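As you go down the protein sequences, you meet chains A and B in turn.
Each number in the working numbering corresponds to the 1-based position in the first sequence with 3 added.
Each number in the working numbering corresponds to the 1-based position in the second sequence with 3 added.
Number of protein chains: 2
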Amino acid sequence: MATPRAPQLDDLFSALADPTRRAIVERLLTVGELSVGDVAVPFAISTPAISRHLQVLERAGLIERRIERQWRFVRVRTDALAPVESWLSRQKRHWTAALDRLEILAAAQTPEKQKS
Amino acid sequence: MATPRAPQLDDLFSALADPTRRAIVERLLTVGELSVGDVAVPFAISTPAISRHLQVLERAGLIERRIERQWRFVRVRTDALAPVESWLSRQKRHWTAALDRLEILAAAQTPEKQKS
DNA sequence: TCTTTAATTAACTAATTCATTAATTAACAG
DNA sequence: CTGTTAATTAATGAATTAGTTAATTAAAGA
C-alpha cells in the first residue's frame, strides 16, 4: 500500500476544517491558555457548542486540558501540528518531481499544436 | 478581527480530511497525471464516488483538469498546498512564544505546590 | 445547606457528507 | 447510424456534523 492509513491526519484535517476551531487554535496560540468560558467569549454560539468543538480539538490531539478549581483550562499541545507538517513536507518532496514530469508531458504533447 | 476568515482553508482542510482524497493527491504527486478512470483503479468505490471526490479536490483548488479526446485527466495544481503551508508557518510563529508563556504560567502556579 | 458559577451531557433538529445504482452526455470506432 | 467507452448528473439513503435548549454534575462560597 502506498499510504499506510492515517486516522490521525483524518482527525487533524477535519478538526482544522472548521473556522471556529481554527480560530480557537489561533487564539490559544497567541494567548497561551484559556478557560472554556473564555474560549467561548468571542463567538456567537452557545457554550455547549464550544464544548463540542473543544472535544473535537482534543480528540485530534490539538489541545490538552488542565483542571484548576472549578475551571477547565485548554491550551494547544506542543507537538499538535507535527503530523500535518510532516505530511506536507512528505508531499513537497514529490512536488518538483511531479511538476517536472508534467512539463515533460506537456512538451511531448504539444510540439506542433500551438494553441490558437 | 484576529482572523480574516478563510473559506479557502475550510475547503482545503476538509478536502484533505478524507483518506481517499489524500490518497488521490498523493498518487497524483508521484505519478503526475491520471485519467479519472485510472484514478479510480486502486479504490473499492464506484466511479461516481471518485468523480465526486475529484470535484471536491477541484473546488478546494488542489487539482486541475485537462480534457483530451474522451478522457479527463487530473493533476495536482502547482500552488495547491500553499495556503495550508502559510497557515502552518503563521501558527508556528506564535508557537514558541505561546509555549514560553505556558512555562512561565506553570512556574508561577507551582512554586510551593510540588506535585507529590 | 443552599445558591451560584463552570462546564458537560442529553435530546433533538437541520444540513452536509459519502456512498449507492440508474440515467445521461459526449466522444470515438466500426 | 450504432454500439462502446469515459465520465458526470440524478435520485436516493445512511451516517455524521454542528447547532439549539434543557438537564446534570461538580466545585465554591455565603
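Backbone N, C-alpha and C fix where the C-beta goes; we use that ideal spot for every residue, glycine too.
Please read all numbers here as calculations on a predicted model, not as lab measurements.
query                                                                                                         : result
Within the stretch 31 to 117 of chain A, ranges of the beta strand (DSSP E) (whole runs, at least 3 residues) : 66 to 71, 74 to 79
CB contact flag (A/A18, A/A63, <7 angstroms)                                                                  : yes
Residue burial classification, A/R96 (beta-carbon count within 10 angstroms, cutoff 16)                       : exposed
For B/R8, the three-state DSSP class (helix, strand or coil)                                                  : coil
Minimum Cβ-Cβ distance from B/A20 to chain A less than 7 angstroms                                            : yes
B/D13, DSSP secondary structure in three states                                                               : helix
Cutoff 8 angstroms; reference B/R30; Cβ partners in own chain excluding five residues on either side          : L37, V42, P45
Supposed contact pair A/V79 and A/V28 - C-beta distance, whole angstroms, cut 8 angstroms                     : 6 angstroms
7 angstroms Cβ cutoff, B/M4 in contact with chain A                                                           : Caution is warranted here: a pLDDT of 48 is assigned to B/M4, below 50, making its placement in the model unreliable, and the coordinate value is therefore given only provisionally. No, no contact with chain A.
Residues in the stretch 38 to 55 of chain A having any Cβ partner in chain B nearer than 7 angstroms          : none
Per-residue DSSP class, three states only, for B/A20                                                          : coil
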